[in-house]
Amino acid sequence: MAFSNFRLLYFRDDLRMSTWLLIGASLQAALLVVLPPSRAILPTAILLSFRIAKSLLVQLGFLRDDSLDNVRLGKLSTQIPRADGSLAAEPSDQEVVVMISGARRFAPGFQEISGLFGDMWREASRNREKWGFMGKTSTLFATETDSGNSMCWISYWKSMAHLQAFALGPAHRKGWDLFTATSKKNPHIGIMHETYAVPKGHWETVYLNFTPFGMGQTKHLTDDSKKEGRTVSALREANKQTWSRMSTRMGRGDSV
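Heads up, this note's numbering is the position in the sequence shown plus 1, with the first residue counted as 1.
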């Protein structure tokens, strides 16, 4: 089911809003051909009424708002745990490497490329300690056009040395070789990346009643968590004075 929903999200953004409206209009026209008008509009009227009613009941507090299911209430920030599981006295005490990867999709030849993207993320997740991989965002879609045929991911790594080692590893090498071969036959397929090496004391995060995102959804291995076969979240409460301002969340004393 999760895979199916994931593919539906892709398909949703592949088509322009006007295309979806035309599909809906065509289906409605087809119903008018085979059914009396009063029955042909019934499915649309029932569905629309149900959604309006549900929205009103949620707003009035009679129904649970399921959009809050994954929201973490309160003020949170992130701090990378040390190997022994402890946290430094000051936040932002470690380097972070941020990489933005992107690809243009929905074109002949992209199916093979997209599969290898998945293989690379799975390899990075399975061997977090080896590659220094902390996590990534879910797929993000471009909004500068009315259909999202470009997508990107923001990923987080412990150091440039880790990231470069991964780039030279077999999973990335296989993906690069396939892209090189595929792009010769399908030059419309494009990929990109941007990399930022952020030294300690130069990054911070804050989340107010927000779904875990970006650094907030990264996972980390500590000595104890490795023994237990789990990872540790970077999220922590941010209610004390140290976490009150952008500058202090960077481990600096100056006010911003």
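The beta carbon of each residue, even a glycine, is placed where N, CA and C say it ideally should be.
Enclosing beta strand (DSSP E) for residue i [first to last residue]
| i | result |
| --- | --- |
| Ile101 | 97 to 105 |
| Arg73 | 73 to 79 |
| Ser156 | 151 to 158 |
| Phe134 | 134 to 137 |
| Ala239 | Where Ala239 is concerned, there is no enclosing beta strand (DSSP E), given that its DSSP letter is neither H nor E. |
| Thr196 | 192 to 199 |
With 16 other Cβ atoms within 10 Å as the buried cut-off, status of residue i
| i | result |
| --- | --- |
| Met121 | buried |
| Ser19 | exposed |
| Ile114 | buried |
| Glu229 | exposed |
| Met2 | Annotation note: pLDDT 39 at Met2 (below 50); position unreliable, coordinate value reported separately. Met2 comes out exposed. |
| Leu164 | buried |
| Asn6 | With a pLDDT of 46 at Asn6, under the threshold of 50, the modelled position of that residue is not reliable, and the figure given next carries that caveat. Label assigned to Asn6: exposed. |
| Glu130 | exposed |
| Phe63 | exposed |
| Ala31 | exposed |
Run of the alpha helix (DSSP H) containing residue i, from where it starts to where it stops
| i | result |
| --- | --- |
| Met18 | 18 to 35 |
| Phe167 | 161 to 168 |
Cβ-Cβ separation, residue j to residue i (assumed contact under 8 Å), whole Å
| i | j | result |
| --- | --- | --- |
| Ser151 | Arg105 | 5 Å |
| Asp198 | Met161 | The question names Asp, but residue 198 is Ala in the sequence shown. The Cβ separation is near 5 Å, so the contact holds. |
| Val97 | Tyr157 | 6 Å |
| Gly103 | Met193 | 5 Å |
Chain D within 9 Å of residue i, Cβ atoms only
| i | result |
| --- | --- |
| Trp244 | This model lacks chain D altogether, as it is built from one protein chain only. |
query: Any chance the stretch 78 to 95 sits against the stretch 201 to 220, with 3 or more Cβ pairs inside 8 Å?
result: yes
query: Between the stretch 126 to 137 and the stretch 220 to 229, do three or more beta carbon pairs fall short of 8 Å?
result: Remark: three or more beta-carbon pairs, one from each stretch, lie closer than 8 Å, so the stretch 126 to 137 and the stretch 220 to 229 are flagged as touching.
message: Between the stretch 168 to 178 and the stretch 30 to 46, can you find at least three pairs of beta-carbon atoms closer than 8 Å?
response: The stretch 30 to 46 vs the stretch 168 to 178: no contact.
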